[in-house]
Structure formats: C-alpha cells, structure tokens
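Beneath this line is the structure, given in structure tokens, with notes to follow.
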Amino acid sequence: MNYPYLLFDLDNTILDFDQSKAHALATTCAHFGIPLGPREKDLYTTINTACWAAYERGEMDQPTLRYARFERFLSALNWHSSPAREVADFFLHELGQTRFEVNGAVDMLERLKPDFRMALVTNGLKDVQRSRLHATGLGRFFEEIIISEEINVAKPQHEFFAHTHRLLGHPPKSELLIIGDSLSSDIRGGHDFGIATCWYNPQRKALPPTHQPTFDIQHIREVEWIARQR
Ligand SMILES: [Mg+2]
Numbered sequence: 000m001n002y003p004y005l006l007f008d009l010d011n012t013i014l015d016f017d018q019s020k021a022h023a024l025a026t027t028c029a030h031f032g033i034p035l036g037p038r039e040k041d042l043y044t045t046i047n048t049a050c051w052a053a054y055e056r057g058e059m060d061q062p063t064l065r066y067a068r069f070e071r072f073l074s075a076l077n078w079h080s081s082p083a084r085e086v087a088d089f090f091l092h093e094l095g096q097t098r099f100e101v102n103g104a105v106d107m108l109e110r111l112k113p114d115f116r117m118a119l120v121t122n123g124l125k126d127v128q129r130s131r132l133h134a135t136g137l138g139r140f141f142e143e144i145i146i147s148e149e150i151n152v153a154k155p156q157h158e159f160f161a162h163t164h165r166l167l168g169h170p171p172k173s174e175l176l177i178i179g180d181s182l183s184s185d186i187r188g189g190h191d192f193g194i195a196t197c198w199y200n201p202q203r204k205a206l207p208p209t210h211q212p213t214f215d216i217q218h219i220r221e222v223e224w225i226a227r228q229r
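Okay, here's the thing in structure tokens:
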C-alpha cells in the first residue's frame, strides 16, 4: 500500500464539527436564555475563528481560548446575566456529547483498520475531545491519539508532527499521509514536516497558492483509494 500510516484530523474530517458546534451552541443559549438568531450565530463564528487562529499561531494558550470566546461573544451581545465561564463550561460539556459524523467516515475507518496504522491528530480541548471519542467509540480505530492540549503544542507546529512521528516509531516520512480539512493546520503542518497531505475539501474551495496539498478530495471515502493505491 502507498501510505501505511494515516494521520486523521478529527473535526470536520471524521466528525461533523460544524453540526456539533451549532447544536451545542443552540442548546447552551437556550439553557441560559441568550438570544441566538442568524446575526448572533455569525458573530460567534467570527469570534471563535479568530480565537482558534490566534491559538494556531501560538498567540493564545488553550486555557485562555476556553473562556475568551464566550467572554468576547457575551460582551459583544451586551449580555451580562450569565457568567461567561459558566456558559463556556456548559457549551464544552454539550459539545462533548455530540456525535455527528462526516458521511461515510466511520465505515471507511472500519475498512481501513485491519490494514493500516492510524493515529488521530487533533487541535482541541482534551476533555471535549476525549469525551467525544468516548461517546462515539471512535477511539478504537487509532493506536495513537494526539490532542494538542495534552502536549502543549498544536498543528501546524513542527513539534506536534515530530511528537506524532516519534509515537509511531519513526517510520520513513514517505509512508505517512495526513488527512484533514484545514489548510492552515493540517495541510500546512504536514507539508512543512515533509509528509504527504490530503485536503478534505467537500466545498471544492480553490487550491491555495502555497502549501499545496498532495491530494485534494471531495468525499472522505476517497482516502481509502489513495491510501491503498500502489
Ligand atoms: Mg478539522
């Protein structure tokens, strides 16, 4: 097979994080009575995206990220009736319970499991990711699970990939393939580390000018064909 080692991103690659997040946000706002219409949803998305980008650049640490999103969101809404920390904790708990999968991803992992060595590589909060892996039973597919908060370094940073490579026993880099939806963390990080990259790009966005992925796929099931080709 072409790539005996497969590194999978979790959010929006195996689990449908957008759907999970929307669900958790709606449940959280309903619980606290916080208004949530299209404008508020867009606002949260903008704030959340900016916080994660700062985290990936190493400018914000995970404990800050955990609460900063809701502090900024509630303050932008002028909402002072609920403490941001309480809202953030409620949201993260709800998020940990969600189990929406990217269509076809789990069946594919089932088929790949006997023939490949697979690791899960995710930038995320450890309690959320661990509880989602537990709730979905996805942990069984992976011999290594690397969560950025647990090792204090995130994709795309070199040390994240070096750590993963070490855990897998230093196989030749040409045998590794990372699969993920994020150009800034998965594809850029894999590219800079010198391994093949597969961009899960269901919306057919334009290829980036730099850090081009080795493969560009529209359906997650295409990973199997890429991984098995000789
Ligand atoms: Mg992702």
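Note that numbering that gives the first Met the number 0 has the sequence shown beginning at 0, numbered continuously upward. Using N, Cα and C, we set each Cβ at its ideal position, and we do this for glycine too.
| Asked | Found |
| --- | --- |
| C-beta contact flag for His210 and Leu182 at 8 Å | yes |
| Endpoints, beta strand (DSSP E) assigned at Glu158 | Taken as a continuous stretch (DSSP letters only), Glu158 belongs to no beta strand (DSSP E), being part of the alpha helix (DSSP H) at His157 to Leu166. |
| CA-to-CA distance, Arg131 to Gly95, given in whole angstroms | 5 Å |
| Own chain partners of Ala67 with C-beta closer than 8 Å, once the 5 adjacent residues on each side are dropped | Cys50 and Met59 |
| Top-ranked residue by Cα proximity to Glu39, from Phe16, Gly32, Asp10 and Phe72 | Phe72 |
| Closer than 7 Å: Gly123 CB and nearest ligand 3 heavy atom | Summarising the ligand content, the structure contains ligand 1 and does not contain ligand 3. |
| Sufficient close CB pairs (3 or more, under 8 Å) joining the stretch 168-178 to the stretch 73-87 | no |
| Exposure label - Thr48; buried when at least 16 CB within 10 Å | exposed |
| Distance between Tyr4 and Gln228 (C-alpha atoms, nearest Å) | 13 Å |
| Top-ranked residue by Cα proximity to Glu142, from Ala118, Phe159, Gly136 and Thr163 | Ala118 |
| Near ligand 1: Gly179 beta-carbon under 7 Å from a heavy atom | yes |
| Boundaries of the beta strand (DSSP E) in which Ile230 is found, first to last residue | Outside the modelled stretch of the chain, which goes from 0 to 229, sits residue 230, for which no answer is possible. |
| Alpha-carbon to alpha-carbon, Asp191 and Leu124 | 24 Å |
| Three-way DSSP call (helix, strand, coil) for Met59 in this model | coil |
| Opposing strand residues paired with Thr196 [DSSP bridges] | Ile177 |
| Nearest-angstrom Cα separation, counted from Gly179 out to Asn11 | 8 Å |
| Helix, strand or coil at Gly2 [DSSP, three-state] | With the sequence shown as reference, residue 2 is identified as Tyr, and Gly is not the correct amino acid for it. Here Tyr2 sits in coil by DSSP. |
| Collapsed DSSP secondary structure at Leu35 in the structure displayed | coil |
| Contained beta strand (DSSP E) runs [length at least 3] in the stretch 50-122, N- to C-terminal order | 116-121 |
| Rounded C-alpha distance that separates Ala195 from Ile33 | 44 Å |
| Cβ-heavy atom distance, Asn11 to ligand 1, below 7 Å | yes |
| Residue closest to Thr121, alpha-carbon to alpha-carbon, out of Phe115, Phe214, Lys154 and Phe16 | Lys154 |
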